[in-house]
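Asker: So the sequence shown is numbered by UniProt numbering: it starts at 4 and just counts up by one.
Backbone N, C-alpha and C fix where the C-beta goes; we use that ideal spot for every residue, glycine too.
Treat the numbers as computed from the prediction; the structure is a model and nothing was measured.
The structure under discussion is supplied below as structure tokens; questions concerning it will follow.
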Amino acid sequence: PSFRDFLRCLPKCEHHMHLEGALTPHVLFVLAEKNNVTLPQDDEAFKSPEALLERYQRFTSLDDFLHYYYIGMSALVAAADFEALAWDYFQHASSDGVAHAEVFFDPQAHTSRGIKYTTVLEGFDTACKRAEKELGITTILTSCFLRHLPPKDCLELFEDEDLQESYKSGVVRAIGLDSSEKPFPPENFTELYTKAKALGLNLTAHAGEEGPASYISSALHNLGVTRIDHGIKLVDDQQLLEKIAAEKTMLTVCPLSNVVLRCVNTIKDVPIRKLLDAGVQFSINSDDPAYFGGYILDNYVAVHDAFKLSVQEWEGVVRAGIKGSWCDDDRKAELL
Ligand code: ADE
Ligand code: ZN
Numbered sequence: 004p005s006f007r008d009f010l011r012c013l014p015k016c017e018h019h020m021h022l023e024g025a026l027t028p029h030v031l032f033v034l035a036e037k038n039n040v041t042l043p044q045d046d047e048a049f050k051s052p053e054a055l056l057e058r059y060q061r062f063t064s065l066d067d068f069l070h071y072y073y074i075g076m077s078a079l080v081a082a083a084d085f086e087a088l089a090w091d092y093f094q095h096a097s098s099d100g101v102a103h104a105e106v107f108f109d110p111q112a113h114t115s116r117g118i119k120y121t122t123v124l125e126g127f128d129t130a131c132k133r134a135e136k137e138l139g140i141t142t143i144l145t146s147c148f149l150r151h152l153p154p155k156d157c158l159e160l161f162e163d164e165d166l167q168e169s170y171k172s173g174v175v176r177a178i179g180l181d182s183s184e185k186p187f188p189p190e191n192f193t194e195l196y197t198k199a200k201a202l203g204l205n206l207t208a209h210a211g212e213e214g215p216a217s218y219i220s221s222a223l224h225n226l227g228v229t230r231i232d233h234g235i236k237l238v239d240d241q242q243l244l245e246k247i248a249a250e251k252t253m254l255t256v257c258p259l260s261n262v263v264l265r266c267v268n269t270i271k272d273v274p275i276r277k278l279l280d281a282g283v284q285f286s287i288n289s290d291d292p293a294y295f296g297g298y299i300l301d302n303y304v305a306v307h308d309a310f311k312l313s314v315q316e317w318e319g320v321v322r323a324g325i326k327g328s329w330c331d332d333d334r335k336a337e338l339l
């Protein structure tokens with residue numbers, strides 16, 4: 004058996020994937036046609052699924068990607084669209100050997116274009132329940148807030164009765180912060196996170212992807228997050244690196260994403276070895292698999308090809324991922 008098979012068989016947890024990021028160009032075109040959604044006529048990339056896929060190889064930054072990401076999701080309209088999208092992801096995750104998946108979605112990217120939150124959630128939650136039943140994957144849904152929008156809009160949506168209901172019923176068990184990172188520092192969202200914490204939700208935020216290490220410390224201090232999404236800029240701040248290692252705060256690293264969005268030049272520049280040497284806990288994730296050319300196992304394999312982790316190191320990475328998950332202790336014990 005190949006090393007890929009070894010990596011496939013590890014009980015992996017995925018902590019950083021956006022369900023909307025599982026939308027392939029092919030499905031995007033099919034849904035746009037079905038839902039009568041007009042794609043931009045003035046951009047050659049939308050000529051065909053093939054042209055769009057080719058454009059995805061040439062992202063120049065996080066914002067360049069987000070432009071396509073938000074247009075792409077305009078093809079999602081019915082609950083069945085959201086369900087099919089998530090189900091497609093869970094099938095990939097299952098064949099990659101994912102045991103537990105904590106998945107993001109972006110409510111504001113849908114409510115802002117007139118899609119009801121309950122429609123989005125119905126689709127995603129149905130797929131999660133099916134994944135649990137048919138694939139044996141445990142799941143957690145995380146609603147992310149878009150940091151390029153006014154914090155007061157985020158707060159207002161958080162307070163909406165449909166969102167509150169989803170939090171209180173436990174269908175959505177965490178909040179996150181994503182979208183364009185600079186110049187939207189975490190401290191803008193202190194009030195939102197204070198309210199989410201009061202509801203007992205788990206807290207995370209994207210920080211230190213393109214933005215500076217100071218965004219990581221702000222997310223920890225001002226938002227009270229218990230994990231950091233991406234966080235690769237942590238290696239620019241030795242003191243913070245040591246603190247995060249000591250406190251066992253997990254980073255959810257997305258290696259292929261970092262290369263495709265040009266946060267690093269090559270996979271060798273993702274600071275995997277530095278994090279291992281410093282004793283920082285991290286997991287390896289796909290972020291937006293349909294946009295970045297790979298699901299979770301491709302990310303594991305890319306890291307292995309670049310860094311040649313030992314079997315013991317891989318087992319340590321996977322164990323850190325299980326311990327850093329938000330599932331209950333019984334599920335963790337099953338996976339450990
Ligand atoms: N939304 C989807 N993927 C993202 C990423 N990598 N960073 C910020 N926001 C995102
Ligand atoms: Zn992300």
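Would you check if the distance between the CB atom of CYS16 and the CB atom of HIS103 is smaller than 7 Å?
Answerer: For this step, residue 16 is matched to residue 13 along the sequence shown. For this step, residue 103 is matched to residue 100 along the sequence shown. Yes, they are a contact pair.
Asker: Closer than 6 Å: is that where the CB of ASP280 sits relative to any heavy atom of ligand 2?
Answerer: What you label residue 280 is simply residue 277 of the sequence shown in a count that begins at 1. No, ligand 2 has no heavy atom inside 6 Å of this Cβ.
Asker: By alpha-carbon positions, which one of GLU125, ILE74, LEU65 ends up nearest to ALA89?
Answerer: Numbered from 1 along the sequence shown, position 86 holds the residue referred to as residue 89. Considering only alpha carbons, the answer is GLU125.
Asker: Please tell me whether, using a cut-off of 6 Å, the distance from the CB of SER290 to the nearest non-hydrogen atom of ligand 2 is below it.
Answerer: Taking the sequence shown and counting its residues from 1, the one referred to as residue 290 is at position 287. In the sequence under discussion, the amino acid at residue 290 is Asp, which differs from the Ser named in the question. Indeed, a heavy atom of ligand 2 lies less than 6 Å from the Cβ.
Asker: As an exercise, report each continuous beta strand (DSSP E) stretch of at least 3 residues that is fully enclosed by the stretch 229 to 266, in chain order.
Answerer: 230 to 233, 253 to 256, all fully within the stretch 229 to 266.
Asker: Alpha carbon to alpha carbon, how far is ASP280 from ASP66? Give it in angstroms, no decimals.
Answerer: Counting from one through the sequence shown, the residue named residue 66 turns up at place 63. Counting from one through the sequence shown, the residue named residue 280 turns up at place 277. Going from the Cα of ASP66 to the Cα of ASP280 covers about 32 Å.
Asker: CB of HIS209 to nearest heavy atom of ligand 1: below 6 Å?
Answerer: Here the question's residue 209 lines up with position 206 in the sequence shown. Because some heavy atom of ligand 1 lies under 6 Å away, the Cβ of HIS209 counts as near it: yes.
Asker: Residue range of the alpha helix (DSSP H) that VAL320 falls in?
Answerer: Position 317 of the sequence shown, counting from 1, holds the residue named residue 320. Counting along the chain, the alpha helix (DSSP H) containing VAL320 begins and ends at 314 to 326.
Asker: Roughly how many angstroms separate the alpha carbons of GLU250 and GLN284, rounded to a whole number?
Answerer: If you number the sequence shown from 1, residue 250 lands on position 247. If you number the sequence shown from 1, residue 284 lands on position 281. Cα-Cα distance, rounded: 9 Å.
Asker: In chain order, what residues of the same chain lie with their CB nearer than 6 Å to the CB of HIS95, ignoring the 5 residues before and after it?
Answerer: For the purposes of this step, residue 95 is taken as residue 92 along the sequence shown, with counting starting at 1. Excluding sequence neighbours, HIS95 sits near TYR298.
Asker: Quick check: the Cα distance between LYS311 and TRP329, rounded to an integer number of angstroms?
Answerer: Translated into the one-based positions of the sequence shown, residue 311 becomes position 308. Translated into the one-based positions of the sequence shown, residue 329 becomes position 326. Cα to Cα, LYS311 sits roughly 29 Å from TRP329.
Asker: Contact defined as beta carbons within less than 8 Å: I believe ALA210 pairs with ASP232. What is the distance between those atoms, to the nearest angstrom?
Answerer: As a working note, residue 210 is residue 207 in the sequence shown. As a working note, residue 232 is residue 229 in the sequence shown. Going by Cβ atoms, the distance from ALA210 to ASP232 rounds to 7 Å, so yes, they are a contact pair.
Asker: Could you give the DSSP three-state label for ASN225: helix, strand or coil?
Answerer: On the sequence shown, position 222 is the one that residue 225 refers to. Helix, per DSSP.
Asker: Considering only the beta carbon of each residue, do THR129 and GLU86 sit closer than 7 Å?
Answerer: Reading the sequence shown from its first residue, position 126 is the one you call residue 129. Reading the sequence shown from its first residue, position 83 is the one you call residue 86. In contact: THR129 and GLU86 (Cβ atoms closer than 7 Å).
Asker: Rounded to the nearest angstrom, how far is the Cβ of ALA35 from that of ALA78, given a contact under 8 Å?
Answerer: Looking up residue 35 in the sequence shown gives position 32. Looking up residue 78 in the sequence shown gives position 75. About 4 Å separates the two Cβ atoms, so the contact holds.
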